[in-house]
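One structure below.
Chains as they are written, first to last, in the working numbering: chain A, -8 to 285; chain B, 156 to 447; chain C, 12 to 417.
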């Protein structure tokens, strides 16, 4: 063992440590604080959350309250959770339907237009989400352009699920296109060519060679889109403002600063975390596998 | 290449007319609403929907409500830029060091850290925001709602960008350069600084631009962790005002943000190309977008 | 071991788990400096039970004749609820900066104030939080020598039931809660048997709204059903209110918002539960060229509806208490109060305003004469009171259920 090697061995930990400590303190430890709040008590007169740090004294009232009101006759949280699932799934599928052909075209076929197209596709990425929503608020207002172009007067911005879903699609499509493009761009063209040489038709080459290779890319892209959507509340707030389109993000946002309900917001945070944990782990594993393969 | 020379309509390999239509249609759909919003920032009237003639009133003409004169609007712009710059300055070194460190340290702790890093990348933002809000309001740390809490939240949420980009670049560099440098007598630290770091520059610049652009667009974390109104950045201002009584000054504010983001990206891309050419790694715009 | 929250060892262990080290853990334990209170410390004021709050030894008013701080003065207020011109005039007069922070509802506001992380100076709540604010020593008593303009306000507010001797509060605005509508979209609401019913009328689905404030909205639902105790603690009444909320949700999917003052004139809404100040304000948000005639407002003629007033209080954690007093004095000034009225649409309880002549004097357009708030209503109409802890929780639960859209 030379001295260089030893220096080398310490270099990794030394460089990584600040980042690891940061993640420990500001990413993992806060999750414990959430637990302490959810299973904590309440200030007697303001009913704000008072965290209980020792698990031995944890109080499950808030968690039970949330769980008991998800299903059954008093299950008033249930519809919002179901709505979230429906919105997120529908919006993600629509995103995929829109994003896949575009990413495929730009990555594999666009030729010399590729740079320009890519720049334009990325543009929404740099435009603030709020501004893009604001743009639609203006367009869909009662005296907005949409109502003036289309026949009939429609109250677009008053509690319409389809408007919220379209808002989500509009907002999150760029997050789908970029990873899809990146993945498709890396697919080896030679395999498709080989399939064609072996007599596969264009369509069957696409479905039997390209598609299977795309699957992990598609899954990862869908995950990257629907995970942030799960926590969205502002799209519904801006494009509807009605409880009829509340998502789980709205439940969290409404309760987090309401007296006596902060712990419930924490409980919803834990629920969303649990639901998204599996897809997140799947994503982490697939990415780690990619890294190992490089 | 000869296949590409023939017109696409005769090329048996593709049938992209529908794809072209979808792509162009999508681009119109994605960009036109924003262009309309930008257009209305120049409206002479108070309406954001009815065009009443061109004016710069909402930028500086109006003595109370234009971006130039309304303190709350330019306070928002200043806070946005402040968060963008501070967060980028902390995130990028932290993330780059973490990436290099994790790349050469194997074991349970580093692979756990790697998993946590990737989790922080995909976790729904509101979860992190609420968790940090609970921390700031319940634990007596020297972090208060406002800029310090916002920076902590943003760095945590963004640290994966530089880390992931740099690791991808490290994987393509391999170990031979570093070994060569050390064979020539460089210490491990010198080898990092003199050899590896310059080769990583394109990835570092790209991640800095990504972090900056992402931070100035951030909404959830900065809203939950904001203190008084001077720490509410543009996105929060847009949200609050859009739900109350917006004037075209809001469109003007959003337009200025858009211009800032575009400038940052163009500038970043120029630097990226320049460094890339010098270090012999000529990445296209694709590798600039954080596709890793 | 009586109180698990104060178990020092467990805090230290947790801190160690979090990797915080002992110094940080010690500061963790100092986190709670506020007085420990129990639910019984809460004394609820009402018109029948006026309260004079005790001024604690450690929370005394500022001394007389101090010179103002250098600022900035931080206001904590609803959006668009103070006239920029009036604020600018104050900034100019004292050469200081005034910052305005906004909140969406007062629940959220109190929570943020309690964290103490922002040194807000002046808060603009309704009187329904006053006992909590005083009990927790979040507000500081006023020094009346700075506030000679109190003479300008209605006598009833110089000794209000919620704060006898106005030790902590001065009135900011008065308003009624009724129904606003556009007469080009909705028929005459005032002639209906029960005008509140219009918000449940399916033909207006998609263009209605109710106020995003649990107490105000739920009280209206109760009044429609004949529940005149708008602070009821009867479970049956609350169930009636809950059913009314479900019904309105099914019938018209109302927006739940506080932006009706721009949505109604903008045409987004046809009819909405509304504060009188918002309908007055709405005329300034009409599109160019549209006549103010389309706006209408209903409030029970006999005054049997909700009337309220908002306050200005000086927060204890603020850094500029002297400036805060001067600002309040500034806002109580006749000229400034009227100028503020002209911008925000909310009427100040100023003696100089003759409430029967608001139309003649040009403060209200003729079609909004109903938005004038009369002094005598404050003796006879329904008031939203602060609720005790258990009842407050019950009301919030019903509201949460409604807001979940379930």
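We put the CB at the ideal spot given by N, CA and C, even for glycine.
All of these numbers come straight from a predicted model, not from anything done at the bench.
Compare the C-beta of residue 332(B) against all C-beta atoms of chain A and say whether one is closer than 8 Å. Within the second chain, residue 332(B) is the residue found at index 177, counting from 1. Taking Cβ atoms only, chain A never reaches closer than 8 Å to residue 332(B), which makes this a no.
Any beta carbon of chain A sitting closer than 8 Å to that of residue 242(B)? In the second chain, the residue the question calls residue 242(B) occupies position 87. Cβ-Cβ to chain A under 8 Å: no for residue 242(B).
Does any residue of chain B have a CB that is nearer than 8 Å to the CB of residue 149(A)? Position 158 of the first chain holds residue 149(A). Not an interface residue.
Report the rounded CA-to-CA distance for residue 200(A) versus residue 171(A), giving the unit in angstroms. Reading the first chain from its first residue, position 209 is the one you call residue 200(A). Reading the first chain from its first residue, position 180 is the one you call residue 171(A). So the alpha carbons of these two residues sit roughly 17 Å apart.
At a CB-CB cut-off below 9 Å, which residues of chain C make contact with residue 38(A)? Working through the first chain from its first residue, we reach residue 38(A) at position 47. Ordered by position in chain C, the residues that pass the 9 Å Cβ test against residue 38(A) are 400, 403, 404, 407.
DSSP three-state label for residue 350(B), please. Sequence index remark: in the second chain, residue 350(B) carries index 195 (1-based). Helix, per DSSP.
What are the residues of the region 350 to 373 of chain B that lie near chain A, defined by any Cβ-Cβ distance shorter than 7 Å? 368, 372
Tell me which residues share the same chain as residue 407(C) and place their Cβ nearer than 7 Å to its Cβ, disregarding the 5 neighbours each side in the sequence. On the third chain, residue 407(C) is found 396 positions in, with the first residue counted as 1. The residues are 225.
Spatial neighbours of residue 46(A) in its chain, beta-carbon cut-off 6 Å, leaving aside the 5 residues before and after: Here residue 46(A) corresponds to residue number 55 of the first chain, with the count starting at 1. Hits under 6 Å: none found.
Closer than 8 Å between beta carbons: that is the criterion. Which residues of the region 305 to 332 of chain C meet it against chain B? none
Between residue 131(C) and chain B, is there a C-beta pair that is closer than 8 Å? On the third chain, residue 131(C) is found 120 positions in, with the first residue counted as 1. With 8 Å as the cut-off, residue 131(C) counts as an interface residue toward chain B.
Under a Cβ-count criterion, where at least 16 other Cβ atoms within 10 Å of its own Cβ denotes burial, should residue 429(B) be classed as buried or exposed? Residue numbering aside, residue 429(B) sits at position 274 when the second chain is read from its first letter. Result: exposed.
For residue 323(C), write down the residues that DSSP places opposite it in a beta bridge. Walking along the third chain from the start, residue 323(C) turns up at place 312. Answer by DSSP bridge pairing, in chain order: 181(C).
Proximity winner among 270(A), 166(A), 190(A), 265(A), relative to residue 82(A) (alpha-carbon distances): Locating residue 82(A) in the first chain gives position 91, where the first residue counts as 1. Comparing Cα-Cα distances from residue 82(A) to each of 270(A), 166(A), 190(A), 265(A), the minimum goes to 166(A).
Ignore the nearest five residues each way along the sequence and tell me which others in residue 211(A)'s own chain have a CB closer than 8 Å to its CB. Residue 211(A) sits at position 220 when you count from the first residue of the first chain. So the list reads 170, 174, 274, 277, 278, once near-sequence residues are dropped.
For residue 292(B), which residues in chain D fall below 7 Å Cβ to Cβ? Absent here is chain D; the protein component of the structure consists of chains A, B and C.
Proximity below 8 Å, CB of residue 208(C) to CB of residue 235(C): The count along the third chain starts at 1 and reaches residue 208(C) at position 197. The count along the third chain starts at 1 and reaches residue 235(C) at position 224. Yes. Within cutoff.
Partners in chain C for residue 18(A), counting only beta-carbon separations shorter than 9 Å: If you number the first chain from 1, residue 18(A) lands on position 27. What residue 18(A) touches in chain C: nothing, since even the nearest Cβ is about 12 Å away.
Start-to-end residues for the beta strand (DSSP E) that takes in residue 88(C): Locating residue 88(C) in the third chain gives position 77, counting from the first residue. Residue 88(C) -> beta strand (DSSP E) spans 84 to 88.
Our contact map puts residue 259(A) next to residue 41(A) with C-beta atoms below 8 Å; I'd like the distance itself, whole angstroms only. Position 268 of the first chain, counting from 1, holds the residue named residue 259(A). Position 50 of the first chain, counting from 1, holds the residue named residue 41(A). About 19 Å; that fails the 8 Å criterion.
Which residue comes first and which comes last in the alpha helix (DSSP H) that contains residue 323(B)? Within the second chain, the letter at position 168 stands for residue 323(B). Unbroken alpha helix (DSSP H) run through residue 323(B): 315 to 328.
For residue 280(B), which residues from the same chain have a beta carbon less than 7 Å from its beta carbon, with the 5 sequence-adjacent residues on both sides left out? Here residue 280(B) refers to the residue found at position 125 of the second chain. Excluding residues within five positions, the ones whose Cβ falls inside 7 Å are 312, 375, 376.
Considering only residues of the region 218 to 273 of chain B, which uninterrupted alpha helix (DSSP H) runs meet the minimum length of 4 residues and lie entirely inside it, listed in chain order? 226 to 258
Under the assumption that residue 235(A) contacts residue 264(C) (Cβ atoms under 8 Å), give the Cβ distance between them as a whole number of angstroms. Locating residue 235(A) in the first chain gives position 244, where the first residue counts as 1. Locating residue 264(C) in the third chain gives position 253, where the first residue counts as 1. Confirmed, Cβ separation roughly 5 Å.
State the start and end residues of the unbroken beta strand (DSSP E) segment that holds residue 78(A). Working through the first chain from its first residue, we reach residue 78(A) at position 87. Segment 69 to 95 is the alpha helix (DSSP H) holding residue 78(A); no beta strand (DSSP E) there.
Using a Cβ-Cβ cutoff of less than 6 Å, which residues in the same chain neighbour residue 228(C) once the five nearest sequence positions on both sides are dropped? Here residue 228(C) is taken as the residue at index 217 of the third chain, counted from 1. Excluding sequence neighbours, residue 228(C) sits near 221, 222.
How would you list, in chain order, the residues of chain A whose beta-carbon sits under 8 Å from the beta-carbon of residue 193(C)? Taking the third chain and counting its residues from 1, one reaches residue 193(C) at position 182. Neighbours of residue 193(C) on chain A: none; closest Cβ ~11 Å, over 8 Å.
Quick check: the Cα distance between residue 132(C) and residue 323(B), rounded to an integer number of angstroms? The sequence position of residue 132(C) within the third chain is 121, counting from 1. The sequence position of residue 323(B) within the second chain is 168, counting from 1. Distance between the alpha carbons of residue 132(C) and residue 323(B): 51 Å.
Excluding the five sequence neighbours on either side, which residues of its own chain have a C-beta within less than 7 Å of the C-beta of residue 292(C), listed in chain order? Your numbering for residue 292(C) matches position 281 in the third chain. Within the same chain, residue 292(C) has close Cβ partners 272, 355, 356.
Distance between residue 56(C) and residue 126(A) (C-alpha atoms, nearest Å): Here residue 126(A) refers to the residue found at position 135 of the first chain. Here residue 56(C) refers to the residue found at position 45 of the third chain. Each residue's Cα considered, the two are about 47 Å apart.
Which bits of chain B does residue 210(A) rub up against, with CB to CB less than 8 Å? For this step, residue 210(A) is matched to residue 219 along the first chain. Near residue 210(A) there are no residues of chain B at all, since even the closest Cβ is about 13 Å away, more than 8 Å.
From the DSSP output, which residues share a beta bridge with residue 285(C)? As a position in the third chain, residue 285(C) is number 274, starting the count at 1. BP columns for residue 285(C) point to 189(C).
Collapsed DSSP secondary structure at residue 161(A) in the structure displayed: To locate residue 161(A), count along the first chain from 1; it is residue 170. Three-state DSSP puts residue 161(A) in a helix.
For residue 202(B), return the contacting residues in chain C, with the cut-off set at a CB-CB distance below 8 Å. For this step, residue 202(B) is matched to residue 47 along the second chain. Within chain C, the residues near residue 202(B) are 298, 299.
Suppose only complete runs of 4+ residues qualify. What are the alpha helix (DSSP H) ranges in the region 119 to 157 of chain C, listed by chain order? 141 to 146
DSSP three-state call for residue 244(A): helix, strand or coil? As a first step, residue 244(A) is located in the first chain; it is residue number 253 there, counting from the start. In the structure shown, residue 244(A) sits in a helix (DSSP, three-state: H, G or I).
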